[in-house]
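Chemist: My questions will all concern the structure given below.
In the numbering used here, the protein residues as written are 1 to 279.
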């Protein structure tokens, strides 16, 4: 009754955590400073200038199917170009196309724009020779006088169909494994009944050979990906772009700890100074 406004004053009282915020920030800054003195290290991805990547693209006529917008061929070229752009500048990149036979479009080079331009010029043809495409990619890798690879070697092979020409891809796979080449495979297109007609272009859905593509990747230490949409294909190439052409490297990160400690110390002093101000 004597002090009817005590409830209102209690409501505007400073919370306990605010009174200790400055001390907490100071203590955390001290901990980070001590960690920085220990010279901590972390594993981070670094460009691998010795790496060589062969991009192998199926250019068979089934790539005109429109189950992937605007069509398989256009989507495959666009995302392959984005993949090449994302690779480290020092990595060598080559290009192989395959339909009824395989063609080495561009030998491994650090001129990535040349690969991008050549991908745009690709034209469809009849047949699907996955084995020939893989073999042509393996032959393009630079080696020393003893036939040993000059650095990490990777093939990124995309196909939307089944091998119907040339050598069986599973006969080529052991050579890739013996060479130490990692093969990542991408199956492009909708999984469906191959007898289901496609009304958009008057033919039949061409279903990729998932079993063979998976076997190629797994036997060489690579990954197999199924891309049933343009967005899925984009994510596949992005995932590959984070590992292909890069190598793990241990580096000291004491500077980051020191910077964080300095920022926290400055924040502690700022909070402490604000609490002293009288309003």
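Backbone N, C-alpha and C define an ideal beta-carbon position, used for all residues, glycine too. Computed from a predicted model, the values in this text were never measured in an experiment.
Decide if residue 139 is buried, meaning its Cβ has at least 16 other Cβ atoms within 10 Å, or exposed.
Modeler: With fewer than 16 other Cβ atoms within 10 Å, it is exposed.
Chemist: DSSP three-state call for residue 187: helix, strand or coil?
Modeler: Looking at residue 187 - three-state DSSP - the assignment turns out to be strand.
Chemist: Within the chosen definition, does the stretch 43-60 reach the stretch 90-99 through at least 3 CB pairs nearer than 8 Å?
Modeler: Short answer: they touch.
Chemist: Do you know whose CA, among 102, 58 and 180, lies nearest residue 209's CA?
Modeler: Considering only alpha carbons, the answer is 58.
Chemist: Spell out a yes or no on whether the stretch 140-148 and the stretch 119-130 are touching, meaning 3 or more CB-CB pairs, one atom from each, closer than 8 Å.
Modeler: The stretch 140-148 vs the stretch 119-130: no contact.
Chemist: Leaving out five residues on either side along the sequence, give the residues of the same chain with a beta carbon under 8 Å from the beta carbon of residue 110.
Modeler: The residues are 89, 90, 91, 92 and 93.
Chemist: Which residue's Cα is closest to the Cα of residue 185: 175, 179, 191 and 169?
Modeler: Comparing Cα positions, the closest option is 169.
Chemist: Quick one: what's residue 247 bridged to in DSSP?
Modeler: Bridge partners of residue 247: 46.
Chemist: Report the rounded CA-to-CA distance for residue 256 versus residue 239, giving the unit in angstroms.
Modeler: The straight-line gap from Cα to Cα measures roughly 27 Å.
Chemist: Should residue 31 go down as buried or exposed, given a rule of 16 or more other Cβ atoms within 10 Å for buried?
Modeler: Burial call: exposed.
Chemist: Please classify residue 314: does DSSP put it in a helix, a strand, or coil?
Modeler: Given a span of 1 to 279 for the chain in the structure shown, any question on residue 314 remains unanswerable.
Chemist: How far does the alpha helix (DSSP H) with residue 80 in it reach, from first residue to last?
Modeler: Its alpha helix (DSSP H) spans residues 72-86.
Chemist: Apart from the five residues on each side of it in sequence, which residues of its chain come closer than 8 Å, Cβ to Cβ, to residue 87?
Modeler: Correct list, in chain order: 53, 93, 112, 241, 244 and 245.
Chemist: What would DSSP say about residue 69, mapped onto helix, strand or coil?
Modeler: Residue 69 falls in the coil class under three-state DSSP.
Chemist: Buried or exposed, going by whether 16 or more other CB atoms sit within 10 Å of the CB of residue 163?
Modeler: With 16 or more other Cβ atoms within 10 Å, it is buried.
Chemist: Assuming residue 108 is part of the beta strand (DSSP E), what are its boundary residues?
Modeler: First-last of the beta strand (DSSP E) with residue 108: 102-109.
Chemist: In terms of residue numbering, what span does the beta strand (DSSP E) encompassing residue 158 cover?
Modeler: From DSSP, the beta strand (DSSP E) with residue 158 extends over 153-159.
Chemist: As a quick exercise: from 80, 151 and 46, pick the residue whose alpha carbon is nearest that of residue 235.
Modeler: Answer by Cα proximity: 80.
Chemist: For a test of the three-state rule: what should DSSP assign to residue 122, helix, strand or coil?
Modeler: Here residue 122 sits in coil by DSSP.
Chemist: Can you tell me which residues form a DSSP beta bridge with residue 237?
Modeler: Residue 237 pairs with nothing; no bridge assigned.
Chemist: Per DSSP, residue 143 forms a beta bridge with which residues?
Modeler: Answer is 149, bridged to residue 143.
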